[in-house]
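Reading through the C-alpha cells given below for one structure.
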Amino acid sequence: MKQTTFGHNTSLQWRFFATACIMALAVGAVHAAVNVDVANMTTPRNSTVRVPISVANVGFEAIVSVEVFMTFDPAKITYIDLDTTGAMLEDWVLSNGFLASVISSGTALDTLKVAGATTVDTVMTDGVLFNVDFSVGAVYTPMTAALTLEHVLLNAGAPANTPGNGSIKVVGVDGV
2 MKQTTFGHNT
12 SLQWRFFATA
22 CIMALAVGAV
32 HAAVNVDVAN
42 MTTPRNSTVR
52 VPISVANVGF
62 EAIVSVEVFM
72 TFDPAKITYI
82 DLDTTGAMLE
92 DWVLSNGFLA
102 SVISSGTALD
112 TLKVAGATTV
122 DTVMTDGVLF
132 NVDFSVGAVY
142 TPMTAALTLE
152 HVLLNAGAPA
162 NTPGNGSIKV
172 VGVDGV
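Take a look at the structure:
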C-alpha cells in the first residue's frame, strides 16, 4: 500500500484554507444585514414628537426602495405625518410619490405603512431615512407607547435587514 506524505504541500494547503476563510469573512462583512431602527423618544403630555427611522451598517449596497410597516397603539399616540425634511429620502425622485398610510385595526394596534422608491438618489450611508410625527394627548400618568417594526423590506430583499423597535415615553405628572 502506497502512503502519500504531504510535507511541504501541507503548508500551502493551510495557507490556501486560511486565505479562503479570511475572504469568506470579508464577503460576509460586506453583506451583513442593514440595521433599521426606530428611535426611543421621551416627550411631555399634550405634545408632538418626531420619531426618526434610521439605517446603519449600510455598506456598499445602494438602497433604492424602502417598505416599512410599523405598529403603534392609537389609544396612546396619534399618527400625524411622515416627514423627509433633512432625511436621506428627502431628495428621492419618486415615480408615484411616497406612500404613507395608516391602517386602523379598530380595536387593537394601528399599522403605519410606508413605501417609496427612487430612480436617482440612492442611500449608501448610515443615517435617518425619514421621520414620523405623532401627537400625544393629555395623558396624566406616565406611559410608554411601543413602536414595533412588523415588516421592513429594502430593495426587494437585498440587502437583508435587522429591525430594531422603539418607543415614545410620555413623562410628567400633573402635580396631583
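For any residue, its number in my numbering is found by taking its place in the sequence shown, counting from 1, and adding 1. Backbone N, C-alpha and C fix where the C-beta goes; we use that ideal spot for every residue, glycine too. Being a predicted model, the structure only gives us computed values, none of them experimental.
Sequence-distant residues of the same chain with beta carbon closer than 6 Å to residue i, five excluded per side
i	result
N41	G167 and S168
A116	E68 and L100
D122	D92 and W93
Residue i - DSSP class collapsed to helix/strand/coil
i	result
G167	strand
A157	helix
Y141	coil
L148	strand
F61	coil
M89	coil
T44	strand
Unbroken beta strand (DSSP E) run spanning residue i, endpoints
i	result
E68	S66 to F73
M125	From DSSP, M125 is part of no beta strand (DSSP E); its letter is neither H nor E.
R51	S48 to A57
D82	I78 to D84
S102	L100 to I104
A118	D111 to A118
Same chain only: Cβ atoms within 8 Å of residue i, ignoring 5 sequence neighbours per side
i	result
V103	Y80, D111, T112, L113 and K114
Length of the line joining the Cα atoms of residue i and residue j
i	j	result
V69	S105	16 Å
P45	A57	28 Å
L150	P164	6 Å
L90	F73	23 Å
A189	S55	Since the displayed the chain opens at 2 and closes at 177, residue 189 lies outside it and no answer follows.
T85	Y141	31 Å
H152	S136	23 Å
Close Cβ partners of residue i (< 7 Å) along its chain, the five nearest in sequence each way excluded
i	result
V172	T43, P45 and P143
T108	none
Option in the options with minimal Cα separation from residue i
i	options	result
N47	V59, K77, N36 and A88	K77
A159	S66, V129, L130 and G107	S66
D127	V50, F61 and V133	F61
D82	W93, A109 and V50	V50
N36	D134, L130 and T86	L130
L154	P53, A118 and G107	A118
T120	A63, V52, M71 and V137	A63
V124	N156, P53 and A147	N156
A38	A139, N132 and V137	Contrary to the premise, residue 38 reads as Asp rather than Ala in this sequence. For D38, the nearest C-alpha among the options comes from N132.
N162	A139, V59 and P53	V59
P75	P53, A146 and K170	A146
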